[in-house]
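Protein chains in written order, with UniProt numbering: chain A, 1 to 408; chain B, 1 to 408; chain C, 1 to 408; chain D, 1 to 408.
Note sheet for the following structure.
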């Protein structure tokens, strides 16, 4: 048995198939992929990696399985899935996922091929574990899929606490010890035992507070958009393909961007944290539906139109349109007064948190500080935005101030 | 200058009037009053006191004043108010407040007299500080009253973090450092600067999650109700008056209850944690309005009727009816896109949290485990409750199980 | 199974005999005995109790037993011993131990009688556990005695971390998770596995740093000496016996001291933290051997002589002489390069820590601030101390300053 | 003013020259240099960077300056020095320092040139700060040099706490808040005020415990040695010079090693954590003086001789000889009983810690697991080591086991 020291869970015991999986190049690669991508440009301590997160998810999965009384082959499958659930991530984690998905058709949790190939495939075969069911668990399917990838999954429990520890933002400090202990199966469904309405709420709330403060902090979004543009240019101007990009680690990509003429300018800006600023930061009600629903090609066309109207280089305009907030119902179930209730039915918070996504949604147009005002006004025009609501204060007032960390 | 080591804020610097106030018997008495009263019977580590909390509130007030650029006499007043804001607490903090209020007409934050009398009065006079404005601040009045006692006050910022540290429940871990830094006065009103919607939400959410998990945990409510009954008996059967009770510390009260015949039984139960259990635990929709609105005398009468119908000793029945959840609007203000908005207007969470108070509200009837079922059924009858909703599962099923900590 | 939330170990599972023991009045009493006695007058957050510490020791014992592969009756005995190891403590923990020992002949870990009597006795009998072997374990005897009471025991592992958490002084933050994991039996002896020289050192170092900073902080020593004097007076001037005193909790003693005429003055000083100050603070080389070795009666006589010479009330002088530092060899064993070595043999730190006890040793003479200088000079004379080394700076310079928390 | 969130110090305020320096490419580059180099291969969470550490050192320097009452130009110089003190680090921090020093003659704290050139030079000139005195401070010279680079410096205070936070090893948790507060100048010398013997000891002890557990953990040493060998090969087999290497970040070096034929094998081993093992692990008394004192060329020759005798490829043997432990006296000064004493004179721990360096010193010979025994025996022969003491257990017993994290 191997014991690994972790800054969040203290000691993590690794054994059996998990021990062998950890030693594969595929898992070791995750040591060089930052968990939060460009968020480290906002929170300088946020340099933790997908590797330590994967260990943490494995650790919590083991605790949940013990609590649920599951062992044997079924437990091994869940443990392997927990450890491998992020093996499909490309450099900078989610940052480039939309880009690679457009070209490969795969998201990071589509790992069927990865579990057959290479050393991971070998280890699974040595342990008589079929890759299919494990890939299904990672995709959230099967009886234990909810444990690996669902609303009460151990993935979320780990990343909230870990991201809080490394950013210093305390909103993610949930009671994962209690959550894992209180998971139980009722009629084949994973639910939280009696008395855990607040435990379940806390998980949703933690995510809702971490989201705008950390994951979607405006500076994180700006730098992510710049990285995405640079990576897209890399694919377009070199013979690097999306599959190759997807298998890089952070170092590979950083150096590739530096050493390619077409991406060197963006790379230098990212390396020196000489970032674009927000020319536009528009709430959802101020943005026409056609812009919100626009596909990638249309967005690139909008960018060129804005650049033309503002008379700036096309590379000086980035349009960043998040997806429309989803309204899928919460799947969390919790026992209240002896009966299983949907968390949504029990807690007014759940719907409110969903509604909050609307008030937090922002369309961004980013450009170099020197042309901020021109680009802002051009974007309002091209995108047909409500001018007062959309322009950020600095632009509206003709100022060009730096946005510091706390300003969103 | 004195430096005091604190488990939450690390080092607290104490100077001037604060240093002299700390040395008064009135403030030193708070060392012997537990911050959370009987909550330590649920969370054994929750033995922190009003004294360290008062130091913490003083510390955060100093930081906020520095941030707001306030100094001189005005700052000294706020500092004194922060330090003295809990000096009016009786033994076991809030636990007996309703009882003493009925007899003295004063809540713990009504401290006008206390600031004139004794050593506190002397110290304030020596420092040329009039007691009136300080008492007003403690009552939440005046320009800085919101800082000492309001929705964004430093009192709440301290207790959430401190209670989390000492109970081990992480929901209270707000970002007080950021909150204090982002406070600002706009048009005479204390608001949070741009980009702090989540900071403000986090404070409300933390309280909403700590409330049922810690402050109103069912076992904390049961033991509080038992303590309250014992103290009421003490006042009725001895010559101890409410004013005297109010000036006791925890040790005084514990020993008084032990050494009075009429209260010895309750005292022994509390000392040995041999607590009553829930016979009834009814949601708000299952309780007639007349019961919810009942005054103290009516509640005592209900208790006697339930005892009579169940054929048990009157001391074997406690009826615990929390106030109806209030619907007062949130007073928090935050700057969004350059304009001051009510937090409520900006965040759907605020209203949801208020609604959640309804779903968390519970009427309790408590009695010794041996008579739980009889008392439960009698209470349903006397109070005209909906029987299925009201009886706790164990009683409904004819079981008599111990409620462990995690069951609410 | 019961799960208890702890601020240090998060969740503690309690089962079987432990669960029944926790519900006894004897163990519940520990909720009302502060772990560090008067240390809370120096570190205001240090209000944790022997109860939560006992739970923590039980928790670590369970982890160690699992690691060592011990179960069945033997494990139950160790678990019971861990939980009960402090049941013999009187009010304010160690503070009055010397006083009660002189009159009862028992230290707190001499619990043979306590394990036969009362509810604890009943529970042990119900679980078929003989009290003798458990009492032996608590006294440090038997194969597992080292685990309960030795240099690498779980008692120390818990209190160091717990005291650090509650005082805010970080020196106690050892890696208890690793220590517990690395314990192993070799030839019937409890040792630390290969690669743990630093783990073992860290435990000794943590204690060596916590000792002067927390446990023997000068203000803690002063207040402890005042409490001890008050309690001695209580025994001498009332019909309270040492056995009764020993069974009190903190509240009982506080109230007894308040309500006894002869102890009221000391009690008021302690309640108001209006403490004596150091008139003398002498290093070991400046104190004659006869003073260091003096028995209790001689010390009381010295006190009277100093008071007479200084012309002050006898109650205005307290002489506090710690025992001479012991030179017993460390019993810790650790595996190095495949062989068991004494930690002392391997680590130069161990001897140095022992030597450090000499440099930290201080004789104290305490008195009210107003007579500090007179008492100091009288003490130097009566005790034949080296005058320059012994008088504290304030006395030497004719000043009378308050000693703040950081001054030792 | 800019506020940066830090996982260790919470909020760090940055202003004036510091704010401008942070925006330079030279400082931003530190975001991509791991604080502990290859230690992250032992402690997976240890991915923190020189950038956040530099911010932390700056933060503590500001606190110390405020405490010491220093402001104006002198304070600005110290602040700049604190922020810039690590700007001279190459990739993987200290890991390659010996290598680059042999070829450039400069250690990382020799920054005179760096403070004149580039954007850092521009910023300093804009703020009218001469580079010379700042470089001197970084080298430890001048009245405030001890604050930036000495035994009680803020550099050490930050890295101990930060490394503990990110590795999860608690030994580094010193009381930096107290240390910074208690610094004072007496007769032009930086000392710790009265009552801080333990504060000073704790700093030395923390370092002494972190050293073998973290910084010189055997696996960290092995991976560092492999990285060093690979980097040396890179310099020898490509036109990359030592100056260029020194200016790389971690990503540059990782990719350079991957894409160079001669270093690809080592690079793959490091990327996959497929590390060499210890063939020899010898205590200082078992190693001839000539080996301990050998220069780099001699060591490379020893390696070739061992490889020849073991009949393995020269790249399969790495000889790792740490410097002989230094015996320089501690420079820490602390006030005891009103007089300044050397910490060494006051505390027996200091000498013991130095002695402990001897017992912790180890010569290592590393090679691939498959040839471990052959290389071990050849090394014993070539280096004339004491065979029983030097061979690691596995080799001595003819075993080839994996060394897990906890085995040193």
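Just so you know, even glycine gets a beta-carbon here, dropped at the ideal spot from N, CA and C.
The structure presented is a predicted model; accordingly, all values stated were derived computationally and were not measured.
Close partners of residue 95(B) in chain C (Cβ separation under 9 Å) are lacking, with about 16 Å as the shortest Cβ gap. Taking a 10 Å sphere around the C-beta of residue 340(B), we find fewer than 16 other C-beta atoms and assign the residue as exposed. Taking a 10 Å sphere around the C-beta of residue 186(B), we find fewer than 16 other C-beta atoms and assign the residue as exposed. Within the stretch 33–47 of chain A, the residues whose Cβ lies closer than 9 Å to any Cβ of chain D are, in chain order, 34, 40, 41, 42, 43, 44, 45, 46, 47. Against residue 52(C), the close residues of chain B are 44, 45, in the order they occur along the chain (beta-carbon pairs closer than 7 Å).
DSSP links residue 282(C) through a beta bridge to 363(C).
Taking the CA atoms as reference points, residue 135(C) sits about 5 Å from residue 112(C). Each residue's CA atom was taken as its position, placing residue 110(C) and residue 332(C) some 23 Å apart. Listed in chain order, the beta strand (DSSP E) runs fully inside the stretch 309–349 of chain D are 318–320, 333–336, 339–342, counting runs of at least 3 residues. Using a 10 angstroms sphere on the CB of residue 128(C), the tally of other CB atoms stays under 16, which defines it as exposed. The C-beta separation of residue 321(D) from residue 350(D) comes to about 26 Å, leaving the pair out of contact by the 8 Å criterion. 9 Å or more divides the Cβ of residue 356(D) from the Cβ of residue 280(D).
CA-to-CA, the gap between residue 8(A) and residue 14(D) works out to about 29 Å.
Across the structure, residue 376(D) and residue 312(D) are spaced so that their CA atoms are roughly 12 Å apart.
A straight-line Cα-Cα distance of about 22 Å links residue 184(C) and residue 161(C). For the pair residue 64(C) and residue 78(C), the Cα-to-Cα distance works out to about 10 Å. Under the DSSP assignment, residue 183(D) falls outside any alpha helix (DSSP H), being part of the beta strand (DSSP E) whose first and last residues are 183–186.
Counting the other CB atoms within 10 Å of its CB gives residue 237(A) a total below 16, which places it among the exposed residues.
Taking a C-beta distance under 9 Å as the contact criterion, residue 175(C) and residue 149(C) do not qualify as a contact pair. Residue contact with chain B for residue 122(A): absent (no Cβ-Cβ distance below 9 Å to any residue of chain B).
Below 8 Å, too few C-beta pairs join the stretch 240–247 of chain C and the stretch 261–270 of chain C to call them touching: fewer than three. Around the beta carbon of residue 226(D), 16 or more other beta carbons sit within 10 angstroms, so the residue counts as buried.
About 4 Å separates the beta carbons of residue 276(B) and residue 366(B), which is inside the 8 Å limit, making them a contact pair.
When the Cα atoms are used, residue 228(B) and residue 76(D) turn out to be separated by approximately 60 Å. Around the C-beta of residue 296(C), fewer than 16 other C-beta atoms lie within 10 Å, and the residue is accordingly described as exposed. Taking the Cα positions, residue 363(B) is about 12 Å away from residue 216(B).
Residue 257(D) carries a helical assignment under DSSP once its states are collapsed to helix, strand and coil.
With distances taken between CA atoms, residue 177(B) lies nearest to 57(B) out of 233(B), 91(B), 57(B). Inclusion of residue 67(C) and residue 207(C) in the CB contact set at 9 Å is not warranted, their separation being larger than that value.
Residue 249(B) holds the alpha-carbon nearest to the alpha-carbon of residue 29(B) among 249(B), 44(B), 163(B), 157(B).
Listed along chain A, the residues sitting closer than 7 Å to residue 171(B) by beta-carbon distance are 202. Residue 263(B) and residue 121(C) have their C-alpha atoms some 27 Å from each other. Under the three-state reduction of DSSP output, residue 222(A) falls in the helix class. Of all residues in the stretch 283–303 of chain B, none comes within less than 8 Å of chain C when Cβ atoms are compared.
The Cβ-Cβ distance between residue 163(D) and residue 24(D) does not fall below 9 Å. Distance from the CA atom of residue 42(C) to the CA atom of residue 33(D), rounded to whole angstroms, is 43 Å.
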